[in-house]
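Everything below concerns the one structure shown next.
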Amino acid sequence: MNKRLLTFGLSLGLAALGGAFTAGEASAAPPAAAFRMPAKPFAALKAEIGRARAVDPRAFVAVNGIVSHAAESDARARGRKAPIALYLAKLGPSALMPMLEMLAIDAPRGVPAATAPGLRRDLIEAVGLLKDARALPVLYTILEDETEDAATTRTVTEAVARIGTDEAATHILSALDASRDEDRTRSILAGMGDCRRLRITEALASRLRSTSDEATARAAARSLGRAGNAWAWKTVGDRREESRIRETAARALVEAYVRRDGEARYAASNALMVVDAPETPAIVAEAKKGAGPDLAKALDALAKRFAENPTRTR
Amino acid sequence: MVRFRTFGPLLVAAGIVACGANETGGASSGAAPEPDVLADLRADSNRDGEIKFDDDSDTHKTAWDSENGAVFLANIDDDNERCKTTGDDLTLAKCNDAQDEVVNGDDDALDLARLKSRPWPKTPEDATAHLAIVTEAAKDYVRIFKKVGEGATDFEVLGEDNVFTHEEIRAGFELGIEAKDIVRDAAKWDGYVELELTVTSPTKGTSTDVVLMRVAPVLTFHHLLPAEQIWVSNTRTPGNAAMRKDLAASCKAAGIGAPKTIEVPDPWTQDYFEPAYMSMPGEGGTQHVMRVNYRSANVFEPSKEKSPLRPAGQFVFQVRGRNVAGVQQFDIDHNPDMDTLNSFGNFETVPPYTKDGVSFPLGRVVRGKTKSYYPDKTFAKMIAAQGQQPEIDVDTSWLLVAHIDETISFVKAPTPRGWALLVNDAPMAKKMLEDAVKAGKGDTPMFVGKTWIDFESNSERPAEITISEVLADTEVMKASAEAAAEIDGQLEVLKTELGLADDEIIHVPFLHINYSGRSAAYQPGLVNGVYVSDTRFGAPDPHGPVINGKDIFKTAFSEPLAKIGITVDYIEDWDEYHLGIGEVHCGSNSTRAIPEERWWKSGR
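Residue numbers (this note's numbering), protein chains in the order written: chain A, 8 to 321; chain B, 16 to 619.
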């Protein structure tokens, strides 16, 4: 027996190949997304999945192997949620179609009810990590479904954001504008920072300025940190918008730091460190003009922290 | 805490008021005649393990401060091992020696703190005495026994209506006191109890005396106390076996016994119980100790009315026995989205220190907790009610598992403070990798021989990745930068609370990755290890890039620890633990030596 077989219990026996977790089999309840996807892209997706299965059936086996043991893996993970999305994403590009099939056509069967929502989010997250625009029609369908729970909405926003095309950004902003529910709005804000587009950053900055909700402010601040994350930007090929995004994020975060206190101020401070925008000292200095003694002291502390930015090597 | 009663021993005898039992002996002053009626109740108020009447040592009995004040135990062990070790959560927790009204053997008798009345031969025949629990809040929590024979267990419960006869008063009588529980909510009972003895003679008057006592708090162990026993779950997987093997080697090298296994499928041994203890003064300046194991407040199955808790936590009732107690406390309605914070990987104890003249001789509890993301409030209230190790809260909400042991640890150090803080430093890890690239080693692989996922197919994905690939991974870089800022926030809190200087901090390099919007260690988190002995730290094997024959992450961790006399043992934890978002510390636990420091001297 493979020594790792027991380690995570992710063995895929022959029984499973033809068993309850074979995604292509009929009779599983179709995911809600399948009903809402426009017919044309849905048909195209099905065709593409069929081609993928013909070319590389083992990819479907591999995804199914991980999915079939999700409950067991979760039970053994610290915090009771195994990073199944990461396992799935590590399978590489060939895992995309099997995962889209599970999301859009045949949901995995035999998954305990308690595991199913988390597993679905894992599939969504893993699809996002593969950064393949072919996933977008499925993801849009989930993103635009206002009946999805907050955690799923955050995850799917993040997935769309990671793919990050112009069209993806447009869909995110549309979903944000259309949202009338505070939890849903917060979830979209939390996930959209992974889209490194100036439009997205400006929307985040605007929401951070306008929200009166502490939790929403925290989510927006963290998301701005993600959008402007200096370390992440160094890994990105297209860096044309980097400096504007980081400066925009920094301005909004300093403003949030000035206007807010408690956890929202703390989140803004941490995000500013992550963004590490060169304009930050000037923005802080500007904010200090006319500030009262307490705020001036807080801004001095922020300036000092930035000067010794913990994201830079000591 | 310092506590004084508003009045001391009082003697009222037919219009004569004398002050204090010790003043009535008459030997030194000669001015006041010995009273006929005397109530003089004493406990071990000077904490020397004895109750004396021939000197004044136990007469400061209505004060409770760093010098004086008697202590008693919550008698919640199971000295005769009569409690069942299996059953539902609620029933299991109820069984202990304080559950019944009998003294369950010689060992149980030793758990009773004693009180004695001064023998008073002059007591008139019409005199009677009564003992009352004055502290209203304590009445439900305290039980008094009367010694009724020469045998160690010859005790009977003292009822509220008990009347001591004049013979008993003349001869002097002995009492035992136990708390039926630890303090869980200081607003309901703060652990103090005033006992009042009243001797009444219709012809000679009345005398009263009061003794203030306090139940021992439950205290957790800091890392510097010598490990006596390492624990690890036996989940019967190869990955678990690999860690147990390396952990055993580390224990052997440290000169302590082999790790004891706990036969449960839950690999996170750190999380489901927390060893602790309580103590009261014993004979000859010793401590009479009762070990306590807290069960985590993790609610895994809220719909199971009688057994909603994390199953592996029942371990605390399986090891309950002679001088060992188990305690569980939880709110079934606590927020399930925050339940991970109730694991004891999110409960560490900072070693002792003094800052700005304020001393914490038993250290302080440190947990991940914020205003919007917090552990079970009833459990937190119970910890706060112990009153000795004031909690420090840091933000772990950005971490997926959200445990404090993911980012910090403590080791001994030859410094005035005596210890150093280990803290995760993602920028340090990044720079190490960048330096390697600059040195032309960017193609060096890490995680060699490891896999991210395990399933039996021909498409198994190795975890092996080059240094340059790691530095180019947007997700790893993003998460690591965020971790750097968040850990800096944790460090700021710790520096402020502990007064730590930069040279008392050892930086530990590893990177992070995000999952489900939160962070986890991308490389095995070196800080997340077990401090096996003063000179050995068991850390997860980082499987870092090997350059010039050395794993650069092992070197970066081992060298600063070697300078303070600590050898690092690298323990294989990848398969069972790292991939499950935990490491060696998460997968182990330790029972440590009872500290010499007496909690009652803390002044708290």
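Each residue gets a CB set at the ideal place from its N, CA and C atoms; glycine is no exception.
CA-to-CA distance, residue j to residue i, given in whole angstroms
i: histidine 338/B; j: glutamine 538/B; result: For clarity, residue 338/B is asparagine in the given sequence; the question names histidine instead. Taking the straight line from one Cα to the other gives about 41 Å.
i: lysine 465/B; j: alanine 478/B; result: 5 Å
i: phenylalanine 170/B; j: aspartate 121/B; result: 11 Å
i: alanine 303/A; j: glutamate 270/A; result: 19 Å
i: arginine 619/B; j: tyrosine 389/B; result: 25 Å
i: serine 605/B; j: lysine 392/B; result: 25 Å
i: glutamate 248/A; j: glutamate 174/A; result: 16 Å
i: histidine 303/B; j: asparagine 61/B; result: 15 Å
i: lysine 311/A; j: isoleucine 207/A; result: 29 Å
i: isoleucine 179/A; j: leucine 143/A; result: 11 Å
i: alanine 176/A; j: valine 409/B; result: 35 Å
i: phenylalanine 49/A; j: alanine 274/A; result: 41 Å
i: proline 555/B; j: tryptophan 283/B; result: 14 Å
i: alanine 308/A; j: proline 405/B; result: 27 Å
i: glutamate 209/A; j: tyrosine 264/A; result: 17 Å
i: isoleucine 419/B; j: glutamate 96/B; result: 35 Å
i: alanine 314/A; j: alanine 284/A; result: 11 Å
i: arginine 187/A; j: arginine 203/A; result: 24 Å
i: glycine 200/A; j: leucine 231/A; result: 6 Å
i: alanine 577/B; j: proline 429/B; result: 12 Å
i: valine 438/B; j: serine 412/B; result: 17 Å
i: asparagine 90/B; j: leucine 107/B; result: 16 Å
Beta-carbon proximity check, residue i vs residue j, cutoff 8 Å
i: phenylalanine 425/B; j: leucine 239/B; result: yes
i: aspartate 630/B; j: aspartate 123/B; result: Here chain B covers residues 16 to 619 and nothing more, so residue 630/B does not appear.
i: valine 149/B; j: glutamate 211/B; result: yes
i: aspartate 139/A; j: leucine 103/A; result: yes
i: isoleucine 423/B; j: glycine 457/B; result: no
i: threonine 318/A; j: alanine 113/B; result: no
i: glycine 328/B; j: arginine 306/B; result: no
i: leucine 93/A; j: tryptophan 589/B; result: no
i: aspartate 286/B; j: phenylalanine 359/B; result: yes
i: lysine 137/B; j: glutamate 49/B; result: yes
i: isoleucine 596/B; j: arginine 85/A; result: yes
i: alanine 257/A; j: valine 282/A; result: yes
i: serine 248/B; j: aspartate 104/B; result: no
i: isoleucine 245/B; j: leucine 262/B; result: yes
i: leucine 205/A; j: alanine 226/A; result: no
i: threonine 234/B; j: glutamine 344/B; result: Reading off the sequence shown, one finds leucine at residue 234/B, where the question assumed threonine. No. Outside cutoff.
i: isoleucine 271/B; j: valine 508/B; result: no
i: serine 141/B; j: serine 222/B; result: Per the sequence shown, residue 141/B should be read as aspartate rather than serine. Contact flag unset, no.
i: tryptophan 204/B; j: alanine 152/B; result: yes
Member of the options whose CA lies at the smallest distance from the CA of residue i
i: valine 163/B; options: Val118/B, Ala201/B, Val247/B and Glu151/B; result: Val118/B
i: glutamate 175/B; options: Ser412/B, Val226/B and Leu146/B; result: Leu146/B
i: histidine 600/B; options: Arg259/B, Asn61/B and Lys203/B; result: Arg259/B
i: methionine 492/B; options: Ala239/A, Asp63/A and Lys53/A; result: Ala239/A
i: aspartate 549/B; options: Tyr530/B, Ala268/B and Ala535/B; result: Ala268/B
i: glycine 532/B; options: Thr122/A, Lys53/A, Met44/A and Ala133/A; result: Ala133/A
i: aspartate 55/B; options: Asn177/B, Thr74/B and Asp63/B; result: Thr74/B
i: arginine 14/B; options: Lys319/B, Glu189/B and Asn255/B; result: With chain B represented from 16 up to 619, any question about residue 14/B goes unanswered, as that position is not in the structure.
i: alanine 51/A; options: Val163/A, Glu165/A, Arg141/A and Gly135/A; result: Arg141/A
i: alanine 168/A; options: Glu153/A, Ser194/A, Glu155/A and Glu189/A; result: Ser194/A
Every unbroken beta strand (DSSP E) inside the region 424-456 of chain B [3 residues or more]
As far as the region 424-456 of chain B is concerned, its whole beta strand (DSSP E) runs of at least 3 residues are 434-439.
So within the region 355-414 of chain B, which uninterrupted beta strand (DSSP E) runs reach at least 3 residues, ignoring any that extend past its ends?
Complete beta strand (DSSP E) runs here, min 3: 363-365, 368-370, 373-375, 379-383 and 407-409.
Could you give the uninterrupted runs of the beta strand (DSSP E) lying entirely in the region 199-232 of chain B, keeping only those of 3 residues or more?
With a minimum length of 3 residues, the continuous beta strand (DSSP E) runs that stay inside the region 199-232 of chain B are 207-216 and 220-230.
Quick one: any contact between the region 126-138 of chain A and the region 148-160 of chain A, if contact means 3 or more CB pairs under 8 Å?
A contact is defined here as three or more CB-CB pairs under 8 Å, and the region 126-138 of chain A meets this definition with respect to the region 148-160 of chain A.
Ordered list of alpha helix (DSSP H) runs contained in the region 155-202 of chain B, each at least 4 residues
Counting only runs of 4 or more, we get 181-186.
Fully enclosed by the region 41-127 of chain B, which alpha helix (DSSP H) runs are 4 residues long or longer?
Listed in chain order, the alpha helix (DSSP H) elements of length 4 or more contained wholly in the region 41-127 of chain B are 104-109 and 121-125.
What are the start and end residues of each continuous beta strand (DSSP E) run of 3 or more residues lying completely inside the region 490-531 of chain B, in chain order?
Segments of the beta strand (DSSP E) lying fully in the region 490-531 of chain B: 520-523 and 527-530.
Could you check whether the region 513-525 of chain B touches the region 538-554 of chain B, counting it as contact only if at least three pairs of C-beta atoms, one from each stretch, sit closer than 8 Å?
The region 513-525 of chain B vs the region 538-554 of chain B: in contact.
For the region 323-333 of chain B against the region 562-580 of chain B, do three or more pairs of beta-carbon atoms, one drawn from each stretch, fall closer than 8 Å, so that the two count as touching?
The region 323-333 of chain B is not in contact with the region 562-580 of chain B.
Examine the Cβ distances between the region 290-299 of chain B and the region 608-619 of chain B and report whether three or more of them are shorter than 8 Å.
Segments in contact, yes.
Should the region 66-76 of chain A be called in touch with the region 442-451 of chain B, which here means at least 3 C-beta pairs below 8 Å?
No: fewer than three Cβ pairs fall under 8 Å.
In chain order, each alpha helix (DSSP H) run of at least 4 residues that lies wholly inside the region 210-282 of chain A
Runs found: 221-235, 237-240, 249-266 and 269-282.
Kindly confirm or deny that the region 377-384 of chain B and the region 208-219 of chain A touch, where touching means at least three C-beta pairs closer than 8 Å.
The region 377-384 of chain B vs the region 208-219 of chain A: no contact.
Between the region 187-207 of chain B and the region 580-599 of chain B, are three or more C-beta pairs nearer than 8 Å?
Here the region 187-207 of chain B does not lie against the region 580-599 of chain B, with fewer than 3 beta-carbon pairs under 8 Å apart.
Which residue spans inside the region 105-160 of chain A form an unbroken alpha helix (DSSP H) run of at least 4?
Those alpha helix (DSSP H) runs which fall completely within the region 105-160 of chain A and span 4+ residues are 123-136 and 143-150.
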